[in-house]
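Notes follow once the structure below has been shown.
There are 2 protein chains.
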Amino acid sequence: MGLPNHFELTATDEAARTGLLGTPHGVVRTPAFMPVGTAGAMKSVHWRDVRDTGTDIVLGNTYHLMLRPGAERIAALGGLQRFTGWNGPMLTDSGGFQVMSLSDLRKIDENAVTFRSHIDGVKVELSPERSIEVQRLLGADIAMQLDECVRLPATPGDIERAMRLSVRWAERSRRAFEAAPPGYMLFGIVQGGDVPALRSASACALVDIGFHGYAIGGLAVGEPQSVMLEMIERTVPHLPEDRPRYLMGVGTPEDLLEAVKRGIDMFDCVLPTRNGRHGVAFTRFGAINLRNARHADDPRPLDEQSSWPSTRDIPRAYLHHLVKSGEALGAMLLSEINIAYYQRLMQDVRAAISRRTFPDFLEQTRTEWARGDIAAAG
Amino acid sequence: MGLPNHFELTATDEAARTGLLGTPHGVVRTPAFMPVGTAGAMKSVHWRDVRDTGTDIVLGNTYHLMLRPGAERIAALGGLQRFTGWNGPMLTDSGGFQVMSLSDLRKIDENAVTFRSHIDGVKVELSPERSIEVQRLLGADIAMQLDECVRLPATPGDIERAMRLSVRWAERSRRAFEAAPPGYMLFGIVQGGDVPALRSASACALVDIGFHGYAIGGLAVGEPQSVMLEMIERTVPHLPEDRPRYLMGVGTPEDLLEAVKRGIDMFDCVLPTRNGRHGVAFTRFGAINLRNARHADDPRPLDEQSSWPSTRDIPRAYLHHLVKSGEALGAMLLSEINIAYYQRLMQDVRAAISRRTFPDFLEQTRTEWARGDIAAAG
Chain A
1 MGLPNHFELT ATDEAARTGL LGTPHGVVRT PAFMPVGTAG AMKSVHWRDV
51 RDTGTDIVLG NTYHLMLRPG AERIAALGGL QRFTGWNGPM LTDSGGFQVM
101 SLSDLRKIDE NAVTFRSHID GVKVELSPER SIEVQRLLGA DIAMQLDECV
151 RLPATPGDIE RAMRLSVRWA ERSRRAFEAA PPGYMLFGIV QGGDVPALRS
201 ASACALVDIG FHGYAIGGLA VGEPQSVMLE MIERTVPHLP EDRPRYLMGV
251 GTPEDLLEAV KRGIDMFDCV LPTRNGRHGV AFTRFGAINL RNARHADDPR
301 PLDEQSSWPS TRDIPRAYLH HLVKSGEALG AMLLSEINIA YYQRLMQDVR
351 AAISRRTFPD FLEQTRTEWA RGDIAAAG
Chain B
1 MGLPNHFELT ATDEAARTGL LGTPHGVVRT PAFMPVGTAG AMKSVHWRDV
51 RDTGTDIVLG NTYHLMLRPG AERIAALGGL QRFTGWNGPM LTDSGGFQVM
101 SLSDLRKIDE NAVTFRSHID GVKVELSPER SIEVQRLLGA DIAMQLDECV
151 RLPATPGDIE RAMRLSVRWA ERSRRAFEAA PPGYMLFGIV QGGDVPALRS
201 ASACALVDIG FHGYAIGGLA VGEPQSVMLE MIERTVPHLP EDRPRYLMGV
251 GTPEDLLEAV KRGIDMFDCV LPTRNGRHGV AFTRFGAINL RNARHADDPR
301 PLDEQSSWPS TRDIPRAYLH HLVKSGEALG AMLLSEINIA YYQRLMQDVR
351 AAISRRTFPD FLEQTRTEWA RGDIAAAG
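Respectively, the protein sequence lines represent chains A and B. Under this note's numbering, read the first sequence as residues 1 to 378, first letter to last. Under this note's numbering, read the second sequence as residues 1 to 378, first letter to last.
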């Protein structure tokens, strides 16, 4: 393997783990949730407020940033952390996933994926080497290998072909990363769809190559939660105990707890900000749709016991009004409220693992969600 | 006149004045700029950040709020200050101006203006009495009389008819306001278009009725700046020295200084937030269009001497990227940057008047604006 380890496990509770991941821009407490700052911005949230939610690390999208404003430009401006003013740890994806979902006329061959930009139609080639180069230019603390992610359901043949290609690209990514300065990290990505044998083959091949950490990709792409959890269970035993494990693009608060229970350390998802823009709040009482008329006259906050000021102090009636009126402030408040909820959940998860009470915590949290929101006022 | 005075002049420099206006929700330092929180929200700015810019008082739009979420609902929720969480001084307009500009099928007669809501087409009648009732329900620290504002150019006959109607509505507004608890204020609105004799007739009639303060309305509605300034000069001598004077819907930073020079104490305008949403920043160097490609690679902030963190620390290249990408964060940052600039300008204006150096300050500020933005980088 040969790559230095920057991850320190500090406690375990059955398969659940808590630890510290050192990066050039600061320490990340795990299990960690990474909000997604797509195109160099957290949608509708100030960076100063992202930090205040307890976020240690954020995710930036290579695909968006390489097209606009461009990786070379961001490098000349001192890297993504300085460009945005976030200044904390940042992980970038490889660009591959969004090439598949956003661009036109994409073509994959052994060498690279070629596509047309969804912004201006310019033809772009993204090879494993170029993906690493772009992520290095962006200044990512953690870079991801380029992979091919197959949308499920898919045939075992298609899944295996993409997985084998991803392993070859992993080797090339690892070589391309060799010039990176100390402290920066590269994660490999386990593929293999919903086929357990392919998942374990992928994991073993990646561990043979050796990475700073290991991601599980190609999940939360249309399969039932039970399949996702089974694939995690089939993959984790093949990953080294002492390296961070990152479940990509997941998920709901419940997904996060189920995955932590199975040994996952890191997550990213657009759900807190996307649902915030659509009028939905994540809370101790589950997901709450602020568009619902029952909130129109309700002076009570979303959760009077929350430690996040906007969750604790702002009347539901006001949030309802903002959402119904299409005011930008509605998306702003609900996005920060949701990120704060996710981060508070991760903080409680870490505390429960440290105290070895994670199974109890999981049960209590599920019970609160199942009880649902407080009854309508008056 | 008979209405108690809550305004205290603390210094004058020629016609320019600085003072303190006491309201039930706090003291307002004048000259004061009121950002506009149209429909119960400052567009793209958190209330906590509005306060941090040095804003003492904000404006809410009666027309929007009476239609959605409704004045009775806001009253039941404890008033607009509590509903929004702003909790500071608030002035509401009468609703008349936006009935004219936003609604369909409006009809004005002696009694009231009748219109259809632009949201759901419901027919609504707004009389002087109902306007005061709505503003009292909203909990405005300062309410405005209902008036009829004529868009210029207009014939002297049309201007006079609207002005006379506005005076009769002023009397009715004053009577309707009599039940308001102590400390809350009602301002009359001088009309009269671009006809000096009508302006003075309007001012004298309003002073005879007696108000807590006096607004100059019907300007910045299409006439040249010179006409606006002349109308101010023709009106101010007829207003009592000891009462606050409010120039409605104005304006650019230059308009504000010219009006302060002529004895105006209060302003409101959507310009800082509207221009912020359109990619324009107000700075010491004048207005700067961040869409301009010359900012794309510029690591320098808008103004490294600014005391506002976003103005001082954020690279122009990042603001350019956000604006070009249509990211909500671009509007958020530029709106707060612009409100902060306006408030800093007002703070400097108040200090200059206190030191009796306002003419020098006006000259220096104009010179800086005229010099224009710093040259492109590189």
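Just so you know, even glycine gets a beta-carbon here, dropped at the ideal spot from N, CA and C. Values in this document were obtained by computation on a predicted structure and should not be read as measured data.
Asked	Found
Minimum Cβ-Cβ distance from G88(A) to chain B less than 9 Å	no
Strand pairing of G157(A), partner residues [DSSP]	Answer is none; G157(A) lacks a bridge partner.
One or two residues paired with A16(B) in a DSSP bridge	D13(B)
Environment of N111(B) [buried if 16+ CB atoms lie within 10 Å]	exposed
Beta carbon proximity, S325(B) to chain A, threshold 9 Å	yes
Supposed contact pair R316(B) and R291(B) - C-beta distance, whole angstroms, cut 8 Å	Not really, about 11 Å apart at Cβ, beyond 8 Å.
Closer than 9 Å to chain D by CB, I339(A)	Chain labels in this structure do not include chain D; the protein chains are A and B.
Bridge partners - E125(A), DSSP secondary structure assignment	T114(A)
Contact list for I374(A) against chain B, beta-carbon separation under 9 Å	Result: empty, since nearest Cβ-Cβ is about 17 Å, beyond 9 Å.
Neighbour flag for F211(A) against chain B, beta carbons, 9 Å	no
Limits of the unbroken alpha helix (DSSP H) element including N338(B)	A328 to S354
Same chain only: Cβ atoms within 6 Å of T23(B), ignoring 5 sequence neighbours per side	P89 and D141
Beta-bridge pairing of Y63(A) - partner residues as DSSP gives them	Looking at the DSSP assignment, Y63(A) forms no beta bridge with any residue, so it has no partner.
Cβ distance (whole Å) where M228(A) is taken to contact M34(A) below 8 Å	At roughly 18 Å, the Cβ-Cβ gap does not stay under 8 Å, so M228(A) and M34(A) are not in contact.
8 Å Cβ cut-off: residues of chain B touching S44(A)	A328, L329 and M332
Residue span of the alpha helix (DSSP H) that contains M100(A), given as start and end	G96 to L102
Three-pair Cβ contact test at 8 Å for the region 195-215 of chain A versus the region 227-241 of chain A	yes
Chain B residues whose Cβ lies nearer than 7 Å to that of L322(A)	A41
Partner residues on chain A for I314(B), Cβ-Cβ distance less than 7 Å	G85
Cross-strand partners of G40(A) (DSSP beta bridge)	None, per the DSSP bridge assignment.
CB contact below 9 Å: R294(B) versus chain A	no
Under the three-state DSSP convention, the category A180(B) falls into	coil
Cβ pair I132(A), L65(A) closer than 9 Å	no
Top-ranked residue by Cα proximity to D56(B), from R371(B), A377(B), A11(B) and Q347(B)	Q347(B)
Option in V221(B), E230(B) and P244(B) with minimal Cα separation from G213(B)	P244(B)
S335(A) classed as buried or exposed, judged by whether at least 16 other C-beta atoms fall within 10 angstroms	buried
Inter-residue spacing [alpha-carbon to alpha-carbon] between P128(A) and N61(A)	15 Å
Span of the beta strand (DSSP E), counted from its first residue to its last, around N5(A)	Unbroken run through N5(A): none, as it is neither H nor E.
Buried or exposed (CB count within 10 angstroms, at least 16 for buried), Q364(B)	exposed
Opening and closing residue of the beta strand (DSSP E) in which R151(A) lies	It is not in any beta strand (DSSP E) - R151(A) carries neither H nor E in the DSSP assignment.
Contact with chain A by G279(B), beta-carbon distance below 9 Å	no
Chain A contact residues for D297(B), given Cβ-Cβ distances below 8 Å	R73, A76 and L77
Cross-chain neighbours of R427(B) in chain A, by beta carbon under 9 Å	An answer regarding residue 427(B) cannot be provided, because it is not within the stretch 1 to 378 covered by chain B.
Coarse secondary structure for I216(A), derived from DSSP in three states	strand
Assumed close pair L319(A), G330(A) - CB separation to whole angstroms, cut-off 8 Å	7 Å
Beta bridge counterpart(s) of R245(B) as assigned by DSSP	Y214(B)
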